[in-house]
Structure formats: C-alpha cells, structure tokens
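The sequence shown maps to residues 8 to 366 in this note's numbering. To start, the structure itself, in structure tokens.
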Amino acid sequence: MISDNTMEKSLSENVSQRRSLTNTIKSKQSWKNHESHFESAIFDPWYKSITKIHSLISVKTGEFFSSRELSPVLLPVTTGSVSSPMGLGSDSIPVKINLGGMDTYLADSMQFLLEYALRLNDKGVYYLMSTFRGEEQDKRHLNQFYHAESEIIGSLDDVIELASSYVTYLCDYFLENERALLSQFIDEPEHLRKLSMLKGNIPRIRFTDAVELLNNDSRYVSEHEFGFKQITNEGEQRLIELFDGVVWLTHFPSLSVPFYQAGASEQGYSLTADLLMGIGETLGAGERNTYAEDVVENLNTRKVSREEYEWYIRMRELMPLRTSGFGMGVERFILWLINHDDIRDCQLFPRIHGENILP
C-alpha cells in the first residue's frame, strides 16, 4: 500500500516536471547590442520559436482569408499618399525618403491601395507585409512592423465581424495545435481560452460609454487641445481588465481619426473601432467615406492638403463604394499570444531609425 508521504512526493515531482517543461525560454534582449545580435539570435531558442510563430501566422492568415474568398494583393512599399499625414486625426509620423532624386514615403499602411484593389475584386482583398512608422520605438511601438490588412465591401459591423473571426481563427489554431510551442512562453493559455469561448462575439463598447465607465478619470481619459477626449493607454488597460481580456472600443470622436474614416449618425463621432487586448490596441478598423465630397470636407477640417490625395478623391468620383477595412499589427498580436510586454522582442531583425544595423 502506498503511503500518504510517498503519494504526496510523487504528486510534487509530477507538478515539478510539468513546470520544468513550461515557460522555459526568456528573452535576452540581444537587440540592444546591434553588432552582436545576429550572432546571439542564431543560437537563441527565443528567436527560433518567435520565427516559427511568424511563419504560422503568415500561413494561417492566408488560410483564413482564402476561406472567406478574399484575394491577396502584391503592393509597393513606397507611396506619395500616406494614410496618416501630419494633421488632426493622424496617429503616426510618416517616413520620408528620397528615391532616385524624388521625395516619397515608406508606406505606414497599404489601406489606400487596398481600397483601389477592392474596386477590381469585389469579394475583398488583403495583404501581409512590412509597414513603417516614424515615431521612436519603445515597448509598444516598432519603426518597422508586419501588418495584416484587409478591405471589404460593407459596413463597420461587417468588418468587425471579419476581424473578430480572424483573430479567433489564429487563437484557436495555436490553442488546438501549438500547445508545446506556447508552453515555452506561458504556463497556461487562459487568455486564449477566454477569447476562443467568445466564438467571435467579442464585446463592444462605444467611446462615450467607455468614458463614462472610466468615470472620466484623468488617468484613463485625457482632453485634446481641440476639445475632444482621448482614452489613454492606462484607460485601454482598464477596459481590458473590466471586459476580462478583450473588447472592441468603437465610435471614436471624428477629429481623433484620419480624414478617410466615415462619420457616424451621432454628430462628431466616427465609424471606427479598436480591438483592445494584450498591451492595448492590437487591431484597428473603420468604415471609409463613400463619396468624394465627404473626403474633401474631412481634409479641410483637419487642414490637410488635398494635393497628394487628388487621386483618392477622384477614385470616389469614378466609383463610389461603401467599404470598410482593418489592420492588425502582427507583433502586437504575438505580444498577446505569448503574454509578453516588450514588442521589440518579437522582431527577428531589428530596424531602428538612424542606425545602420546588419544584416
């Protein structure tokens, strides 16, 4: 007969063995030393696993959109029409370069070209590739990151359904097929289970209701100099906590979003949404202006020159279309997936403005 002490020791050893198989790799943040990073990373199990996650997200992204009959499109990385020009509603700094003696930009989003491509393929379009932002990088931001973007014919509700299904599809794949991979980073994938159980029906809250829920607390809600409110990163984290891990924040003040986003029936608000999970905004979505005159009005309101957007206005004159789209930062999704807190650890090849990094 097995004694209680023997049984207790056996159970303790089993638990210890299980723990030894989980959460086994840590980031060494070798990217901080650019000269030696490539030598360190090539032997680092962290980057081996991160690279596998990159690969799986790429494959599963294609599978998901193919199942929805959306077509991938191949797009250039340079553009004369950035989606976040300097002015009201812009949330990033454009990256300007000189190419062959001509000033142009590295794209911060391929949304405009997706809108054009959608007019050639009305079932919907998507892509997965690098985009560029001019802000200083930190734990939440990269200068160059991977973007999964899609554009469809339809409303904000339609694209929220598509985006919710997409992140759930990725979540379910890792939860059902890559537990060993995940266990290197986390002990238990409870946050994945919670999202999976929602079956794509992610809760939503309007911006005005969120401000009220947050009691207009200055830690969570700030006031812009032009008179509209903004929810801080601390506010995003509080909403994530209140909604048990994930929530859509919708209908932002119109002046806080770019000129191409459509206005809501509620005066002063827009048909936009951010999916809050992990470190905060992980995916952004919106319905676009259908008609040229609305684009022109929004450009004027934000004091953005229309010169670089004449083609965008003309496209609506030629073919007005009600479209909506979303963009997900792949590295931000990975942060949520592995329950990590520094996005710079999710990039195999560091890219930092003003620094020559090899390879």
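Using N, Cα and C, we set each Cβ at its ideal position, and we do this for glycine too. The structure displayed is predicted, hence computed values, not measured ones.
Would residue i be called buried (16 or more neighbouring beta carbons within 10 Å of its own) or exposed?
{"i": "W343", "result": "buried"}
{"i": "A292", "result": "buried"}
{"i": "L169", "result": "buried"}
{"i": "L365", "result": "exposed"}
{"i": "S277", "result": "buried"}
{"i": "R367", "result": "Because residue 367 is not part of the residues shown, which for the chain are 8 to 366, the question remains open."}
{"i": "P196", "result": "buried"}
{"i": "N208", "result": "exposed"}
Excluding sequence positions up to five away, which residues of its chain have a Cβ less than 8 Å from the Cβ of residue i?
{"i": "V228", "result": "V218, L221, K236, Q237, I238, T239, G242"}
{"i": "K16", "result": "For K16, the predicted model reports a pLDDT of 45, less than 50, meaning its position is unreliable; a value from the coordinates is still stated below. Nothing listed; no residue qualifies."}
{"i": "G252", "result": "H198, K201, L202, M284"}
{"i": "L77", "result": "K130, G131, V132, Y133, S157, I159"}
{"i": "S43", "result": "S37"}
{"i": "S162", "result": "L278, E294, R329, S331"}
{"i": "K67", "result": "Y176, L177, Y180"}
Select from the options the residue whose C-alpha is nearest the C-alpha of residue i.
{"i": "T138", "options": "S90, F266, P260", "result": "S90"}
{"i": "R257", "options": "R213, I247, T297", "result": "Note that residue 257 is Thr in the sequence shown here, rather than Arg. When only C-alpha atoms are compared, the closest one is R213."}
{"i": "S34", "options": "K146, D352, R75, L365", "result": "D352"}
{"i": "T215", "options": "F250, E46, S74, F259", "result": "F259"}
When the Cα atoms are used, what is the spatial distance from residue i to residue j?
{"i": "N3", "j": "R245", "result": "Lying outside 8 to 366, the shown extent of the chain, residue 3 is not represented and no answer is given."}
{"i": "I49", "j": "S272", "result": "53 Å"}
{"i": "F72", "j": "D179", "result": "15 Å"}
{"i": "E362", "j": "H154", "result": "22 Å"}
{"i": "E142", "j": "G96", "result": "15 Å"}
{"i": "G336", "j": "R323", "result": "28 Å"}
{"i": "F266", "j": "L135", "result": "24 Å"}
Verify the contact flag: residue i, CB atom, against every heavy atom of the ligand ATP, threshold strictly below 8 Å.
{"i": "R323", "result": "In the structure on display, the ligand ATP does not appear, and there are no ligands present to speak of."}
Once the 5 residues before and after residue i are set aside, which same chain residues still bring their CB inside 7 Å of it?
{"i": "Y319", "result": "S88, F119, V302"}
{"i": "S261", "result": "G270, G275, Y276, S277"}
{"i": "L392", "result": "Lying outside 8 to 366, the shown extent of the chain, residue 392 is not represented and no answer is given."}
{"i": "I167", "result": "W255, A280, A292"}
{"i": "S116", "result": "S90, T138, H154, E156, G334"}
{"i": "P327", "result": "T297, Y298"}
Which same chain residues, not among the five before or five after residue i, have their C-beta less than 6 Å away from its C-beta?
{"i": "R329", "result": "T297"}
Problem set entry | Those runs of the beta strand (DSSP E) which lie wholly inside the segment 43-69 and span at least 3 residues | none
Exercise. What beta strand (DSSP E) runs, 3 residues minimum, are completely inside the segment 140-221?
Worked result: 151-160, 211-213
For this session: Could I get the ranges of all uninterrupted beta strand (DSSP E) runs contained in the segment 265-344, with 3 residues as the minimum, in chain order?
Result: 279-284, 287-294, 330-336
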